[in-house]
Each structure stands twice: as structure tokens, then as C-alpha cells.
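Undergrad: My structure is below; once you've seen it, I'll send some questions.
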Amino acid sequence: MSKVEFSPDTLALAQRIIKRYPEGRQKSALLPLLHVAQAEFDGWLSPETMDYVASLLNIKPIEVYEVASFYTMYNMKPVGKCLIEVCRTGPCWLRGADDIVEHFEKKLGVKEGETTADGMFTLKTVECLGSCGTAPMLQCGSDYYENLTTEKVDTLIEKLRASDNRSTYMKSNMQEL
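Quick note on the working numbering: the sequence shown kicks off at 2 and runs consecutively.
Now the structure itself:
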């Protein structure tokens, strides 16, 4: 594998983020840098990418691995063009999130945590996405879909199949960090 490095623009963004924190507290930039890295490198964090983030923050790679593997918002393996993240916490579950996940599994032919053979979709369950009042809901890229039904899922799958845009991890929103 070739050496992992941010593009010049992304490196400048990472340096701006790191400078927000006081001297000796740069580790506090870890979460936003993992978001940046995931956006830069196709929606997931390879071991090499996490090593690179560790080097930017002058911390041990294990510190990065611990954080990245703890949070469901970070992907530890490659994801499809469309990363579908269904909220699995209480309010969404009570309003049928498990039925939504099951419907996606049937329609896409994959189980939760898997990617379709064509690389188009990855189906994942995640912790609270902050839209309990409109449960069940999901996130695809930087878009939220709320008050989900199986009919809305079918429409979303059709829309995403017709789309050219890679919907994985917040590339369009990176500059807001």
C-alpha cells in the first residue's frame, strides 16, 4: 500500500483544526481529524490512515484505534458508494427501526454490516442520530431521512441507484469543521 497522506487542502484543514486546541492538548482534535480522514479516504479508516492521524497529533496509534473502534460513526472497513446508517437506539427501535433494517436487508440482499456485491450500498446500524421525534430515521452521507416506512425505503433505494454522487461520509461538509 502506498503511503497515506492528506491532500494539501485537507492537510491545511487538519492543521487549522489542531491549532484550535492549546499546546499540549492537541489530542482533543482526534474526533474531528477522524471525520476529516474518513471523508478524505473513501468513507473508512484503514490502519494506515489511523497511523497517519496519530502522527499528526503526536500520539500513539493505539490511542487512535481505541477511539475509532469505539464510535459507530467511524468505519473500520471499506464501505459502499451509499453508506446507509439506520439509527438503532430506543426511540427508533420503538417506532420500527428493526423492521426498516430487515426491509433493507431483503431489498439489498445483505445483512446489517455488509456491502452489496456491486459495491453500491453498505447497510449499518448506528447509535442515536439525534432525531428521536421523527423516528425511525437514517443517515446517508450528510442527508437525513425521517419517519421511515418500507415505502420510503423503496423510494430511497431507487433514488440512490439512479444517483451518480458518492454519498459516503460528509465530504461536502468538511470545510465546516
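Glycine is no exception: its CB is placed at the ideal position from the N, C-alpha and C atoms.
#1: Roughly how many angstroms separate the alpha carbons of residue 34 and residue 156, rounded to a whole number?
#2: Using the Cα positions of residue 5 and residue 96, report the straight-line distance between them to the nearest angstrom.
#3: Quick one: grab the DSSP three-state call for residue 102.
#4: Output the distance between the C-alpha atoms of residue 138 and residue 102, rounded to the nearest integer angstrom.
#5: Consult DSSP for residue 146 and reduce its assignment to one of helix, strand or coil.
#6: Rounded to the nearest angstrom, how far is the Cβ of residue 63 from that of residue 28, given a contact under 8 Å?
#7: Count the other CB atoms, across all protein chains shown, that sit within 10 Å of the CB of residue 116; report buried if there are 16 or more and exposed otherwise.
#8: Could you have a look at residue 73 and say whether DSSP puts it in helix, strand or coil?
#9: Quick one: is residue 15 buried, meaning 16 or more other Cβ sit within 10 Å of its Cβ, or exposed?
#10: Quickly, what does DSSP pair residue 133 with across the bridge? List them, please.
#11: For residue 55, which residues from the same chain have a beta carbon less than 6 Å from its beta carbon, with the 5 sequence-adjacent residues on both sides left out?
#12: Classify residue 84 as helix, strand or coil using the three-state DSSP reduction.
#13: Looking only at DSSP bridge pairs, what is residue 140 linked to?
#14: Give the DSSP bridge partners of residue 125, in chain order.
TA: For this structure:
#1: 34 Å
#2: 42 Å
#3: helix
#4: 11 Å
#5: strand
#6: Contact flag wrong, Cβ pair sits at about 13 Å.
#7: buried
#8: coil
#9: buried
#10: Residue 133 is not bridged to any residue.
#11: 62 and 65
#12: strand
#13: 86 and 145
#14: 86
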